Amino acid sequence: MVKADVHNQDKLFRERFEEILEGIHPDDREDVRRFCESAID
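FYI, our numbering numbers position 32 of the sequence shown as 224, with every residue one higher than the one before it.
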């Protein structure tokens, strides 16, 4: 049950993350993506 909830949270976060990336200047997107992915892992 908890694992499914965590998976759902992760999915929601990634969807929101994509929305946030769309609002970031294209030159900065890759840096932000790398930073966030390293923070998640």
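Ideal Cβ positions, reconstructed from N, Cα and C, are used throughout, including at glycine. Computed from a predicted model, the values in this text were never measured in an experiment.
Span separating the alpha-carbon of residue i from that of residue j
{"i": "Q201", "j": "F227", "result": "19 angstroms"}
{"i": "D205", "j": "E214", "result": "Checking the displayed sequence, the identity of residue 205 turns out to be Phe instead of Asp. Approximately 14 angstroms, taken between the alpha carbons."}
{"i": "D219", "j": "K195", "result": "36 angstroms"}
{"i": "D197", "j": "K203", "result": "10 angstroms"}
{"i": "H217", "j": "H199", "result": "29 angstroms"}
Residue i - DSSP class collapsed to helix/strand/coil
{"i": "H199", "result": "helix"}
{"i": "I216", "result": "coil"}
Same chain, Cβ closer than 6 angstroms to residue i, five either side skipped, listed in chain order
{"i": "F209", "result": "none"}
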